[in-house]
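So for the sequence shown, the working numbering puts the first residue at 4; every next one is plus one. By construction, the Cβ of each residue, glycine as well, lies at the ideal position given by its N, Cα and C atoms. To start, the structure itself, in structure tokens.
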Amino acid sequence: MTNFLPTPSVPAPDIVRCAYMDLVVTDLAKSREFYVDVLGLHITEEDENAIYLRSLEEFIHHNLVLRKGPVAAVAAFAYRVKSPAEVDAAEAYYRELGCRTERRKDGFSKGIGDSLRVEDPLGFPYEFFYETEHVERLTRRYDLYNAGELVRLDHFNQVTPDVPKGRAYLEDLGFRVSEDIKDSDGVTYAAWMHRKQTVHDTALTGGDGPRMHHVAFATHEKHNIIQICDKMGALRISDRIERGPGRHGVSNAFYLYVLDPDGHRIEIYTQDYYTGDPDNPTVTWDVHDNQRRDWWGNPVVPSWYTDASLVLDLDGNPQPIVARTDNSEMAVTVGADGFSYTREPGEERGFKVGNQL
Numbered sequence: 004m005t006n007f008l009p010t011p012s013v014p015a016p017d018i019v020r021c022a023y024m025d026l027v028v029t030d031l032a033k034s035r036e037f038y039v040d041v042l043g044l045h046i047t048e049e050d051e052n053a054i055y056l057r058s059l060e061e062f063i064h065h066n067l068v069l070r071k072g073p074v075a076a077v078a079a080f081a082y083r084v085k086s087p088a089e090v091d092a093a094e095a096y097y098r099e100l101g102c103r104t105e106r107r108k109d110g111f112s113k114g115i116g117d118s119l120r121v122e123d124p125l126g127f128p129y130e131f132f133y134e135t136e137h138v139e140r141l142t143r144r145y146d147l148y149n150a151g152e153l154v155r156l157d158h159f160n161q162v163t164p165d166v167p168k169g170r171a172y173l174e175d176l177g178f179r180v181s182e183d184i185k186d187s188d189g190v191t192y193a194a195w196m197h198r199k200q201t202v203h204d205t206a207l208t209g210g211d212g213p214r215m216h217h218v219a220f221a222t223h224e225k226h227n228i229i230q231i232c233d234k235m236g237a238l239r240i241s242d243r244i245e246r247g248p249g250r251h252g253v254s255n256a257f258y259l260y261v262l263d264p265d266g267h268r269i270e271i272y273t274q275d276y277y278t279g280d281p282d283n284p285t286v287t288w289d290v291h292d293n294q295r296r297d298w299w300g301n302p303v304v305p306s307w308y309t310d311a312s313l314v315l316d317l318d319g320n321p322q323p324i325v326a327r328t329d330n331s332e333m334a335v336t337v338g339a340d341g342f343s344y345t346r347e348p349g350e351e352r353g354f355k356v357g358n359q360l
């Protein structure tokens, strides 16, 4: 399937970090209850059509837009760039790639200025912006702090039928790979890629796509995640806990996956590691090692592999889903990160750092 893209002759935009997701929901009241009353995100602004939410440590207008619409889907994966000029750079870059673009000087959502949205080569709606309204950073508002506080947006996770192509495209865009999953032939099954100095701003995982697997918010500690589980149990909505809590092998993070009223998957995430050095080594996992998925060896529910959210084109229509087809081992995998069996007998561990086993 892989047909690598040409590298544009113009510089890629200088991306700082993942900044917000524009999420379409079908029932704004139910979504407000879930994201505000259950998960504790803070409302910056709201009206009858949209709610703008942010995490505790954020100073830009929002990290999540809940936008009322007929089909639950992702309208944009939004990245902040380093300066206003980098929005121009993004426009030139994607035009050279032959991608559809749309520029709005007043932004696509409240609190965001000059922005570019694109239908990227993988079919995802990406947004690039610099200008934003600053709001109060709530780090010292202990009167608002709750026991399961979400402190920042951490990353996106995208499902695509061609991970190697996607990896090459994002590397050209300036992303670096912190961890990946490969087989003995060097085929990449998933890649965790970053611009900020953590394990990832986005991840590419193999499957039918383009779709959004999850959006992740970070907490300070493991106990914050356990509190969210306790709270959901007390509210009798534990059926929305899809997976976890647990410890990932990939990223080393403590995790929890929950589902919102439309089935959008949210990861609550903490305790990954610093990746900012220029020679930060890539951790490569054997696709046969189950501990990459859950460090404790717990099985993963089938829905986590098969279910994901639609993404929209620039007209607001769902992008068609392309099935993953491949003659390698990749073809027999399902969902985000692969196999259901363990490492090969005799292997002491299934990952390596750089060239060191």
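As a quick exercise: from the options, pick the residue whose alpha carbon is nearest that of residue i.
| i | options | result |
| --- | --- | --- |
| GLY210 | SER306, PHE132, GLY319 and TYR96 | SER306 |
| PRO73 | VAL28, ALA32, GLU61 and PHE7 | VAL28 |
| LYS108 | GLY101, TYR97 and ARG120 | ARG120 |
| LEU317 | GLY249, VAL166 and ASP25 | ASP25 |
| PHE178 | ASP186, HIS203 and ASN160 | HIS203 |
| ALA194 | PRO124, ASN160 and GLY266 | ASN160 |
| LEU31 | LEU176, ASP282 and ASP263 | ASP263 |
| ARG198 | VAL154, VAL180 and THR191 | VAL180 |
| ASN66 | VAL154, GLY169 and ARG243 | VAL154 |
| VAL253 | GLU245, GLY247, ASN293 and PHE220 | ASN293 |
| THR10 | ARG170, ASP280, GLY279 and GLY114 | ARG170 |
| TYR1 | HIS291, VAL261 and VAL39 | In the structure as shown, the chain begins at 4 and stops at 360. Residue 1 is therefore absent and cannot be evaluated. |
| THR222 | LEU259, TYR308 and TYR145 | LEU259 |
| LEU8 | VAL41, LYS33, VAL19 and GLY101 | GLY101 |
| LEU59 | GLY300, ARG143, TRP299 and PHE132 | ARG143 |
| TYR308 | THR278, ARG35, VAL162 and GLU139 | VAL162 |
| ARG327 | GLU122, ARG103 and TYR192 | TYR192 |
| TYR277 | MET196, GLU48 and LEU315 | MET196 |
What number of angstroms, rounded off, separates the C-alpha of residue i from the C-alpha of residue j?
| i | j | result |
| --- | --- | --- |
| ILE229 | PRO284 | 31 angstroms |
| TYR226 | ALA92 | The identity of residue 226 in the sequence shown is His, whereas the question assumes Tyr. Between HIS226 and ALA92, the C-alpha separation is close to 42 angstroms. |
| GLY212 | ARG268 | 15 angstroms |
| HIS137 | PHE62 | 6 angstroms |
| VAL325 | VAL218 | 21 angstroms |
| SER187 | ASP289 | 8 angstroms |
| PRO124 | ALA256 | 30 angstroms |
| VAL337 | ALA78 | For VAL337, the predicted structure reports a pLDDT of 38, less than 50, and the residue's modelled location is therefore unreliable. The matter cannot be settled from this model. |
| ASN6 | THR208 | 17 angstroms |
| ASP275 | ASP297 | 14 angstroms |
| SER241 | MET235 | 5 angstroms |
| ILE244 | ALA95 | 42 angstroms |
| PHE37 | GLU270 | 14 angstroms |
| ASP286 | PRO128 | In the sequence as presented, Asp is not what sits at residue 286; that position holds Val. Roughly 28 angstroms separates the two Cα atoms. |
| GLY279 | PHE132 | 23 angstroms |
| VAL19 | ILE115 | 16 angstroms |
| HIS291 | GLU182 | 15 angstroms |
| VAL41 | PRO248 | 17 angstroms |
| LEU141 | PRO167 | 40 angstroms |
| ASP146 | PRO281 | 40 angstroms |
| HIS64 | TRP299 | 38 angstroms |
| PHE220 | LYS113 | 21 angstroms |
| GLY126 | LEU315 | 9 angstroms |
| ILE231 | ARG35 | 16 angstroms |
If you check the beta carbons only, do residue i and residue j fall under 8 angstroms apart?
| i | j | result |
| --- | --- | --- |
| GLU89 | ASP17 | yes |
| GLU99 | VAL13 | yes |
| GLU134 | PHE111 | no |
| GLY151 | GLY319 | no |
| ILE184 | ARG70 | no |
| ALA311 | MET215 | yes |
| CYS21 | THR205 | yes |
| PRO87 | ASP117 | yes |
| PRO321 | LEU313 | yes |
| ASP175 | ALA15 | yes |
| ARG246 | VAL304 | yes |
| VAL68 | TYR97 | no |
With burial defined as no fewer than 16 other Cβ atoms inside 10 Å of the residue's Cβ, what is the status of residue i: buried or exposed?
| i | result |
| --- | --- |
| ILE46 | exposed |
| GLU224 | exposed |
| LEU173 | buried |
| THR201 | buried |
| PRO164 | buried |
| LEU238 | exposed |
| LYS393 | Outside the modelled stretch of the chain, which goes from 4 to 360, sits residue 393, for which no answer is possible. |
| GLU139 | exposed |
| PRO323 | exposed |
| GLY266 | exposed |
| GLY189 | exposed |
Is the stretch 49-59 close to the stretch 80-89, with three or more CB pairs under 8 angstroms?
no
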